[in-house]
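Notes follow once the structure below has been shown.
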Amino acid sequence: MYRALILLHLSIVIAGFTGVLGRFISIDAFMLVFYRTALAVGLLYLFFIWQRKTLSLTRADIPLFAIGGVLVLHWLGFYGSIKLSNVSIGVTCLSSMAFFSAILEPLFFKRRLVMRDFVYALIGMVGIALIFNFETHYRAGIICGLCCACGAALYTVLNKKYGAKAASRERTVLIEMAGGVLTMLLLLPVYRLIVGKFDFSLGLQDFIGLFCLASVCTVGLYLLQISVLRQLSAFTVNLSYNLEPVYSIILAMIIFKENQELTWAFYGGLSLIILSVLLQTWACIQAKG
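Taking full-length UniProt numbering, the leading residue of the sequence shown gets 1, the next gets one more, and so forth.
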């Protein structure tokens with residue numbers, strides 16, 4: 001049990017590094033997501049070969065490809081937010097995912113809106129509004145971060161609706177990642193229209209960062225989560241992952257000294273977001289108990 005808990009928190013720290021690597025890697029958000037997804041697909045496919053597993057596709061897999069498209073749009077928003085602001089702003093905005101989930105879940109599963117969840121999530125949105133109002137130079141990053149949170153909520157809801165039916169989680173992730181690569185390829189003409197040219201060149205620092213992002217923070221993280229879920233409940237894992245933004249912010253402050261870039265408004269907004277997460281956690285524990 002203790003080993004599983006240590007591995008769980010190791011996986012959360014690794015997840016926290018995804019934002020840090022987003023700032024470390026110098027290429028723009030689009031190329032970062034393109035390389036991350038393509039490398040992850042290649043590594044996952046090698047894992048399939050090593051496990052001697054076969055991959056056959058059916059019509060039922062079409063929604064999984066579409067979900068992969070939503071995933072890369074979420075990543076584009078996340079890394080766009082970090083590039084336009086910083087890691088702390090990006091992961092803080094991602095915490096508003098609960099607000100969008102509270103709205104989207106009832107729509108997709110034809111349930112009534114749970115007012116308690118909505119109110120708790122709304123407290124977090126007030127925190128983001130506070131940051132948006134005072135941290136004016138980060139507004140573009142905050143808007144990208146909110147789009148990222150909406151994408152993350154939609155990805156989670158769609159995975160719950162379609163991905164949960166899949167027999168193999170490994171197969172599901174590989175197909176979703178492949179769908180992500182296809183989406184990025186379809187978006188390449190739009191990217192060229194905006195940027196004006198394609199630049200696939202990578203420096204050594206960017207290559208190392210991208211390889212770590214794809215191998216450790218994508219494929220490795222996924223395999224670690226699978227290992228942890230075999231020993232701990234999904235409830236424990238999901239609650240513990242509420243610490244991910246906290247770990248990311250601490251790492252960003254240590255590595256990039258981001259505490260020098262932020263004002264009291266950020267910390268005030270972050271306090272409201274943490275309060276929102278704590279209230280949601282308490283409500284989950286009450287419902288479970």
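Every residue gets a Cβ at the ideal spot worked out from N, C-alpha and C, and that includes glycine.
Own chain residues within Cβ distance below 6 angstroms of residue i, not counting five before or after
i, result
"Phe-134", "Ala-265"
"Cys-284", "none"
"Val-13", "Tyr-247"
Helix, strand or coil at residue i according to DSSP, with G and I counted as helix
i, result
"Lys-160", "helix"
"Arg-112", "coil"
"Leu-262", "coil"
"Phe-200", "coil"
"Arg-230", "coil"
"Glu-135", "coil"
"Leu-57", "coil"
Endpoints, the alpha helix (DSSP H) within which residue i is located
i, result
"Gly-68", "62-84"
"residue 317", "Because residue 317 is not part of the residues shown, which for the chain are 1 to 289, the question remains open."
"Leu-210", "204-214"
"Thr-37", "29-50"
"Leu-193", "169-195"
"Ile-12", "2-24"
"Tyr-247", "244-256"
Same chain, Cβ closer than 7 angstroms to residue i, neighbours up to 5 away in sequence not counted
i, result
"Tyr-222", "Val-173"
"Gln-18", "Reading off the sequence shown, one finds Thr at residue 18, where the question assumed Gln. Counting only Cβ-Cβ distances below 7 angstroms, and skipping sequence neighbours, we find Leu-213 and Cys-217."
"Phe-108", "Val-157 and Lys-161"
"Asn-259", "Met-253"
"Phe-99", "Ala-121, Leu-122, Gly-124 and Met-125"
"Cys-93", "Ser-81, Ile-128, Ile-142, Gly-145, Leu-146, Cys-148 and Ala-149"
Answer yes if the stretch 136-148 comes into contact with the stretch 78-87, meaning at least three C-beta pairs across the two stretches below 8 angstroms, and no otherwise. Short answer: they touch.
Decide yes or no for the touch test of the stretch 168-183 against the stretch 43-62: beta carbon pairs closer than 8 angstroms, at least 3 of them. Judged by Cβ distances under 8 angstroms, the stretch 168-183 makes contact with the stretch 43-62, as three or more pairs qualify.
Can you confirm whether the stretch 265-284 touches the stretch 119-133 when touching is taken to mean that 3 or more C-beta pairs between the two stretches lie within less than 8 angstroms? yes
Check whether the stretch 23-38 touches the stretch 225-234, counting contact only when three or more Cβ pairs, one atom from each stretch, lie closer than 8 angstroms. Look at the beta carbons and you see the stretch 23-38 not touching the stretch 225-234: under three pairs across the two are nearer than 8 angstroms.
Would you call the stretch 28-43 in contact with the stretch 194-214, where contact means no fewer than 3 C-beta pairs closer than 8 angstroms? yes
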